[in-house]
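Okay, so here's the structure we're looking at.
Number of protein chains: 2
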Amino acid sequence: MQTATATASSAGTRDRIVTTAARLIQRQGYVGTGIKQIAKEAQATLGSVYHFFPGGKEAVAVAAIGHSGAEFAAFLREALDSAEDPAEAVENCAVRLAVELRASGWIDGCPVTAAALETLGGETGIQQACAEALRDWERLVSEKLLGAGFAAADARELATTVIGALEGAEVTAQVNHSEEPLRMAGRQLARLIRSYA
Amino acid sequence: MQTATATASSAGTRDRIVTTAARLIQRQGYVGTGIKQIAKEAQATLGSVYHFFPGGKEAVAVAAIGHSGAEFAAFLREALDSAEDPAEAVENCAVRLAVELRASGWIDGCPVTAAALETLGGETGIQQACAEALRDWERLVSEKLLGAGFAAADARELATTVIGALEGAEVTAQVNHSEEPLRMAGRQLARLIRSYA
DNA sequence: ACACCTCTAGAACGAACGCTCTATCCAGGC
DNA sequence: GCCTGGATAGAGCGTTCGTTCTAGAGGTGT
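Respectively, the protein sequence lines represent chains W and P.
Residues 1 to 197 (the UniProt record's numbering) are what the first sequence spells out, left to right.
Residues 1 to 197 (the UniProt record's numbering) are what the second sequence spells out, left to right.
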C-alpha cells in the first residue's frame, strides 16, 4: 500500500501518461505514437514511464486503450439514456458522435479501431484490450434493447450490428470530412431497430 | 512512350512493388510498413522503388491503395451480381467477406481503413486515395439498389450505410477472430434493405 | 542520523527508419 | 564501336525508434 501523498503524486503522473497515450493513439495509431512523445506531452520523463509500465510501450498502450474504452462506454451510456425508445437513442448517439467528430477537426475517431488494425499480426495484449472494449459497448446497446422488450437473440445481433455500423460510419465520416455518413447510419439503424416492433 | 520489352520489364517490377505494398499496408498499416520491407518482399531494390516512385513512401502508398481499392471493387461487383435481390446480394457479400477473412487468418481486412486512420492528421494524398476507394464502393452498392427500383435518396443513404457497416463489422470480426459479426451485419443489412419494399 | 524505497531524470545503445547518392548493367540509335 | 538513358544495385546519410542503465531527489520508518 501507499501513503496518501505518494498515491496522489504517483497516480497523477501515471494518469497523465495514460490519458496522453490514449489521446495520441486515438489520433496517430499505435505504431505512429512514440514512447518519447507520450512522455513529453504528458510532462513526464522516460524514467517515469518505464517505472509505471515495466512492460514498455505495449503495456502503456493496453492501459490507454482500457481508459479510452471506459471513456467511450460512459459516453455511450449517456447517449443511450437520452431517449426511452432504443431506435431514437441510437440515432441520437450517431448524431452526437458526428458533432463531436466535427468539433475535433475530424481527428478524434474511434479510440480502439486504429490500434486494433495495426496490431492484428502480433501484440495480442492490445488486441485483447480492444476486443474487451468492443464487447463492453455491445453489451450496453444490448441491455438497452433488452430493456425495451427485445428478444435476447435479436438484441445481441442488433447490438453487434449497431456498434459495427457506427465504427464504420465514423471512419467514413473522418475520411470524407462530413457528418453525413454518421447521420445516415443513425437514421438507417433507427429504421432497422423499429422494424422489429 | 516505351518499347514493348521495356514496358514489360518495367511494368513487372513496378507492379510487384505496388501489389506487395498493398498487401503489407493492408496487414501492417502505413506507418508500420517500411520502404525497405516493401522492396525486399517485392524482390526489388531501393533504387528501383525510388526510380518508379520519386515521391517516396507516400507515392508508393497512394498507388497501393488505388490498387487495393480497385481490387475490392471487383470483388464487390462480383458479389453483388450473385443475386438479383439486392438484400440477398448484400448478405452474400458479407458472408464471402467472412469466409475470406477467416481463410487469411483474420489478417487481411479492409485494405484502406488502417491506412486512412493512421494518416488523418497529414498525408492528404493517402486520405484522398482512401476517400475515392470508399466512394467507388458506395457507388457500386447504390447502382445495384437503383437497378432494383430504389429511390435515388434511399439508394445513396443505404449504400453509405452498407459500406460503413461492412467495414465496421470486418474490424469487429478481425478483433474477435469470428465470422459472426460479419454474418450478423449481413443479415441485418438485408433486413434493412427489405424494409423498403 | 541513517537506511530505504518510490519516483524522477536523462544519457546512451543498437536497430530501424526514409531518403540520397554514386556506380553498374544493358538494350536501341547513330 | 560508342553513346544515351531507363533500370538495377546497395552503401551510407542523419534521424528517430524502444529500451536499458545509472544517478539523484524527496519522503518515511526506525
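C-beta atoms are modelled at their ideal positions from N, C-alpha and C, and glycine is treated no differently.
Within the same chain, Cβ atoms closer than 7 Å to the Cβ of Asn92 (chain W) are found at Ala79, Ser82 and Ala83, the five residues on either side in sequence being excluded.
The C-alpha of Thr45 (chain W) lies about 11 Å from the C-alpha of Arg14 (chain W). Between the segment 147-158 of chain P and the segment 140-154 of chain W, the count of Cβ pairs shorter than 8 Å is below three; the stretches do not touch. For Phe52 (chain W), the enclosing alpha helix (DSSP H) starts and ends at Leu46 to Phe52. Just measuring C-alpha positions, the residue of P:Asn176, P:Ile17 and P:Tyr196 sitting nearest Ala98 (chain P) is P:Asn176. By the criterion of at least three beta-carbon pairs nearer than 8 Å, the segment 60-71 of chain P is in contact with the segment 103-119 of chain P. Around Val171 (chain P), the beta-carbon contacts reaching into chain W at under 8 Å are Thr113, Ala116, Leu117, Gly164, Glu167 and Gly168. Its Cα nearest to that of Glu100 (chain W), the residue W:Phe75 stands out among W:Ala148, W:Cys130, W:Phe75 and W:Val162. Trp137 (chain P) sits in a helix when the DSSP states are folded into three classes.
The three-state secondary structure of Leu120 (chain P), taken from DSSP, is coil. Collapsing the DSSP output to three states places Pro86 (chain W) in a helix. Excluding five sequence positions before and after Ile163 (chain P), the CB atoms of its chain that fall closer than 7 Å to its own CB belong to Leu134, Trp137, Glu138 and Val141, given in chain order. Residue burial annotation: Lys57 (chain W) is buried, with at least 16 other C-beta atoms found within 10 angstroms of its C-beta.
Taking 7 Å as the cut-off between beta carbons, the residues of the segment 87-113 of chain P near chain W are Trp106, Ile107, Gly109 and Thr113, in sequence order. For Ser195 (chain P), the closest Cβ of chain W is nearer than 8 Å.
Each residue's CA atom was taken as its position, placing Glu157 (chain W) and Ala169 (chain P) some 11 Å apart. Residues of chain W with a Cβ closer than 8 Å to the Cβ of Gly66 (chain P) do not exist; the shortest Cβ-Cβ separation is about 15 Å. Within 7 Å of the CB of Gly29 (chain W), the CB atoms of chain P belong to Gly29, Val31, Leu117 and Glu118, in sequence order along the chain.
In the displayed model, Ile163 (chain W) falls within a helix according to three-state DSSP. Around Gly121 (chain P), the beta-carbon contacts reaching into chain W at under 8 Å are Arg27, Gln28 and Ile107. In this structure, Ala61 (chain P) places its C-beta atom within 8 Å of the C-beta atom of Tyr30 (chain P). Within chain P, the residues whose beta carbon sits less than 7 Å from that of Val175 (chain W) are Ala116, Gln127, Cys130, Ala131 and Leu134, listed in sequence order.
Taking 8 Å as the upper bound for CB-CB distance, Ser195 (chain W) and Ser195 (chain P) are in contact here, some 5 Å apart. Excluding the 5 residues flanking it on each side, Arg27 (chain W) has same chain C-beta neighbours closer than 6 Å at Ile107, in chain order. Buried is the label assigned to Ala89 (chain W), since at least 16 other Cβ atoms lie within 10 Å of its Cβ. Counting only Cβ-Cβ distances below 8 Å, Arg139 (chain W) has no contacts in chain P at all, with the closest Cβ about 14 Å away.
A Cβ of chain W is located within less than 8 Å of the beta carbon of Gln188 (chain P). Listed by position along chain P, the residues whose Cβ is nearer than 7 Å to that of Ala63 (chain W) form an empty set, because the closest Cβ is around 18 Å away.
In this model, Gln188 (chain P) and Ile126 (chain W) are separated by some 29 Å (Cα to Cα). With contacts defined by Cβ atoms closer than 8 Å, Ala94 (chain W) and Arg16 (chain W) do not form a contacting pair.
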